[in-house]
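Number of protein chains: 2
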Amino acid sequence: MPPSPSRNPAKPTGLDCRLAVLGSDVRLTPHRREVFEVLASSTDHPTAYDILDRVKSRSPGMSLATVYNCLEHLTTAGLIKLVHLERGQSRYCANLHEHVHFHCETCGKVIDAHPTTDFDPAKFWNLPAGTKIARTDLAIHGTCTACTAKS
Amino acid sequence: MPPSPSRNPAKPTGLDCRLAVLGSDVRLTPHRREVFEVLASSTDHPTAYDILDRVKSRSPGMSLATVYNCLEHLTTAGLIKLVHLERGQSRYCANLHEHVHFHCETCGKVIDAHPTTDFDPAKFWNLPAGTKIARTDLAIHGTCTACTAKS
DNA sequence: TTTAGAATTAGAATGATTCTAACTGTATTG
DNA sequence: CAATACAGTTAGAATCATTCTAATTCTAAA
Chain A
0 MPPSPSRNPA
10 KPTGLDCRLA
20 VLGSDVRLTP
30 HRREVFEVLA
40 SSTDHPTAYD
50 ILDRVKSRSP
60 GMSLATVYNC
70 LEHLTTAGLI
80 KLVHLERGQS
90 RYCANLHEHV
100 HFHCETCGKV
110 IDAHPTTDFD
120 PAKFWNLPAG
130 TKIARTDLAI
140 HGTCTACTAK
150 S
Chain B
0 MPPSPSRNPA
10 KPTGLDCRLA
20 VLGSDVRLTP
30 HRREVFEVLA
40 SSTDHPTAYD
50 ILDRVKSRSP
60 GMSLATVYNC
70 LEHLTTAGLI
80 KLVHLERGQS
90 RYCANLHEHV
100 HFHCETCGKV
110 IDAHPTTDFD
120 PAKFWNLPAG
130 TKIARTDLAI
140 HGTCTACTAK
150 S
């Protein structure tokens, strides 16, 4: 036994291990792991409902409430990101590399775009002095290659 | 009478005049005008419900459905902009100058930030060849001056 | 004045998300 | 090993934002 840690149910140490990535601290329960894995193997920025659909083959009993619950925990832990591009359903993204989103207004597809050089928003926009930037969300809307070719 | 335009109810010319700005083409009915004026005199990016609230002193009978309807027409015409920053209610903005939004994660306030120099997203992010950019939405999240001072 | 179509309306319907309360599982404590 | 405490999970209800529907009103041309 390790040096008698007093009972602390918020940080169990047994079978129910954690994912020690990026300083995050989530209990990786089976459901959370599956939601994470589905998202990590998707490149299309699925909605909560899409994720439920994809998880169902492995966990037929999972409910939408649980998907939302898992997504919330994973988001809080910084393992995944929430993306808002339009009204309606939110989308999720497990790409943790710095990137922005290109949204095709014709087919609805969302493509990750990675930076080619450093970008500092404070160089381009006039923010009040004393403002602290935590993160930036850039969404580029337009027409994707396939849709441009078709028209 | 002008040179007998054949009946075309989509483009009336009488009292119900249009706002000939920016190539837009909206019927500026009393309700639409009020919604637009409320928004134009607000700097806080109100939600549809906020707008209904502010419009009520002048048009007590206006319904939320009409507010949404007016906002939709004004948005389509390019007279106002729809802003998505978080889950939940959409916000609207009548600032048509090029700008981005700073969102304070502490107090929820949204501040317009205007460009100090030209910004071309294609210079910073690697988009697939053939992609056509229509517009970009940049949201900067962080802590505003007031909230930074308090903490 | 009639009429066609746009604008407006209240309320219903839908869609997305969150909440609630009951139940289950796991690991620590006695 | 049994009891316990709490996190995780669940279905379904509740809520919130938005859109739809069908009826009504308004406007301007014929």
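Protein chains in written order, with numbering that gives the first Met the number 0: chain A, 0 to 150; chain B, 0 to 150.
The beta carbon of each residue, even a glycine, is placed where N, CA and C say it ideally should be.
All of these numbers come straight from a predicted model, not from anything done at the bench.
- By alpha-carbon distance to N125 (chain B), the top candidate from A:I50, A:C92, A:E97 and A:P29 is A:E97.
- Interface residue (Cβ-Cβ distance to chain B less than 8 Å): N125 (chain A) is classified as such.
- Just so you know, the alpha carbons of C69 (chain B) and S58 (chain A) end up roughly 45 Å apart.
- In the structure shown, F35 (chain A) adopts helical secondary structure according to DSSP, grouped into three states.
- Collapsing the DSSP output to three states places P120 (chain A) in a helix.
- Secondary structure at L137 (chain A): strand, using DSSP grouped into helix, strand and coil.
- For K108 (chain A), the closest C-alpha among the options A:P29, A:V37, A:E33 and A:T147 is that of A:T147.
- Annotated three-state conformation of L81 (chain A) is strand, per DSSP.
- Non-local C-beta neighbours of K80 (chain B) in its own chain, meaning closer than 8 Å and more than five positions away in sequence, comprise T74, Y91, C92, A93, N94 and L95, ordered along the chain.
- Not a single C-beta of chain B is nearer than 8 Å to the C-beta of K149 (chain A).
- Note on T142 (chain B): 16 or more other CB atoms within 10 angstroms of its CB, so buried under the neighbour-count rule.
- For D43 (chain A), no beta strand (DSSP E) run applies, since DSSP gives it neither H nor E.
- Here D43 (chain A) has no same chain residue with a Cβ atom under 6 Å from its own Cβ, once five neighbours each way along the sequence are excluded.
- In this chain, H100 (chain B) is not harboured by any alpha helix (DSSP H); it is covered by the beta strand (DSSP E) spanning V99 to C103.
- Collapsing the DSSP output to three states places A112 (chain A) in a strand.
- Between the region 46–55 of chain A and the region 43–52 of chain B there are fewer than three inter-stretch CB-CB distances shorter than 8 Å, so the stretches are not counted as touching.
- In this structure, P114 (chain B) lies away from L137 (chain A), with their beta-carbon atoms at least 8 Å apart.
- Taking CB atoms only, G129 (chain B) has a neighbour in chain A less than 8 Å away.
- Shown here for H83 (chain A): same chain residues with a beta carbon closer than 7 Å to its own, the five before and five after excluded, namely S89 in chain order.
- Residue-level contact check: G141 (chain B) touches chain A, since one or more beta carbons of chain A fall below 8 Å from its beta carbon.
- Under the Cβ criterion of 8 Å, I132 (chain B) is counted among the residues facing chain A.
- Here L78 (chain B) is buried. Its C-beta has 16 or more other C-beta atoms within 10 Å.
- C143 (chain B): not part of any beta strand (DSSP E); DSSP gives it neither H nor E.
- For C92 (chain A), the enclosing beta strand (DSSP E) stretches over residues R90 to C92.
- For the pair E36 (chain A) and I50 (chain A), the Cα-to-Cα distance works out to about 10 Å.
- Against chain B, the CB of D136 (chain A) has a partner CB under 8 Å away; the residue lies at that interface.
- For L73 (chain A), the enclosing alpha helix (DSSP H) covers residues L63 to T75.
- Shown here, K55 (chain B) sits in coil according to DSSP, grouped into three states, outside any helix or strand.
- Sixteen is the threshold: when 16 or more other Cβ atoms of the shown chains lie within 10 Å of the Cβ of R31 (chain B), as they do, the residue is buried.
- With respect to the 8 Å criterion, I110 (chain B) and F118 (chain B) are not classified as neighbours on the basis of their beta carbons.
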